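In the numbering used here, the protein residues as written are 1119 to 1396. In this text, a Cβ means the ideal position worked out from N, Cα and C, and glycines have one as well. None of these values were measured; they are calculated from a predicted model.
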């Protein structure tokens, strides 16, 4: 199998590239500056003779705060459409797109809280079948964590030890290695469709309790209970939220039927917290 991977220098793209190359697949690793999501013709050339494209490139959740909404949509939504057009022109049979469970917030009453990242990801998902006639696989990843992830540690354990949460909302979690294994399983089975990839969805309150126990200290938690109250709290000059997550645990796909046993969320979080609080 020959697979092109966009965003191959990123955490997830790199993990997918290493896994596929390690098992003997041909890998075309594409990253900036050579990768230009605005150049469909150039990408079609890069995709030549590939069986599949794994699209990992894009604006990630944290980067949206430094970019305009238009720029975020240009990369995440229109860039994805161009990847699909290029894949179609190159005769690729499958495109695997790494989306986010965050898009499910658009189906909830608090959809008005969704920003450019969420809306651009959702638009990309809608554009894919319109721009690519082959097999489309959308993987909605949970919060991808690996033991070396400084950002994840900082979010779970802010410098001031205070965490602002919405206690009842579930936090979708998944290990980095498991994410790559799911991509490989979808390529091997040429699986089409839209799937959640999560190792479990504890509530924010449950997650913070576990993190506090593992780290041997307690977080000072401000439990806002609802997105509305959280928005009001942040708007009054009070402590800003560290993050807000949304997911539908019942939507999680059982990847064991594809030979992938996802690590339980507690194991993923335990390894991360122990690494940074050793």
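Residues of its chain near residue i, where Cβ-Cβ distance is below 7 Å and the 5 sequence neighbours each way are ignored
i: residue 1166; result: 1208
i: residue 1250; result: 1202, 1205, 1206, 1213
i: residue 1195; result: 1238, 1241, 1242, 1245
i: residue 1310; result: 1253, 1254, 1255
Limits of the alpha helix (DSSP H) - the one that residue i falls within
i: residue 1275; result: Unbroken run through residue 1275: none, as it is neither H nor E.
i: residue 1149; result: Element bounds for residue 1149: n/a, residue is neither H nor E.
i: residue 1299; result: 1294–1307
i: residue 1172; result: Per DSSP, residue 1172 belongs to no alpha helix (DSSP H); it is in the beta strand (DSSP E), 1170–1173.
i: residue 1133; result: 1129–1140
Beta-bridge partners of residue i, as assigned by DSSP
i: residue 1258; result: 1217, 1314
i: residue 1331; result: In DSSP, residue 1331 forms no bridge with anything.
i: residue 1370; result: 1314
i: residue 1253; result: 1212
Cβ-heavy atom distance, residue i to the ligand HEM, below 8 Å
i: residue 1280; result: In the structure shown, the ligand HEM is absent, as is every other ligand, since no ligand is present at all.
Rounded distance between the beta-carbons of residue j and residue i, thought under 8 Å
i: residue 1148; j: residue 1164; result: 6 Å
i: residue 1219; j: residue 1260; result: 5 Å
i: residue 1293; j: residue 1263; result: 6 Å
i: residue 1377; j: residue 1303; result: 6 Å
i: residue 1370; j: residue 1301; result: The pair is not a contact, with the Cβ atoms about 16 Å apart (cut-off 8 Å).
i: residue 1291; j: residue 1318; result: 6 Å
i: residue 1217; j: residue 1153; result: Residue 1217 to residue 1153, Cβ: 19 Å. No contact.
Own chain, CB closer than 8 Å to residue i, minus 5 neighbours either side, in chain order
i: residue 1390; result: 1263, 1264, 1265, 1267, 1270, 1271, 1274
Residue i, enclosing beta strand (DSSP E) - first and last residue
i: residue 1121; result: 1120–1124
Close Cβ partners of residue i (< 6 Å) along its chain, the five nearest in sequence each way excluded
i: residue 1221; result: 1236, 1239, 1240
i: residue 1119; result: 1143, 1169
i: residue 1299; result: 1378
i: residue 1199; result: 1245, 1249
Notebook entry, point to check: Are the segment 1120–1137 and the segment 1174–1192 touching by the rule of at least three beta carbon pairs closer than 8 Å?
Noted result: yes
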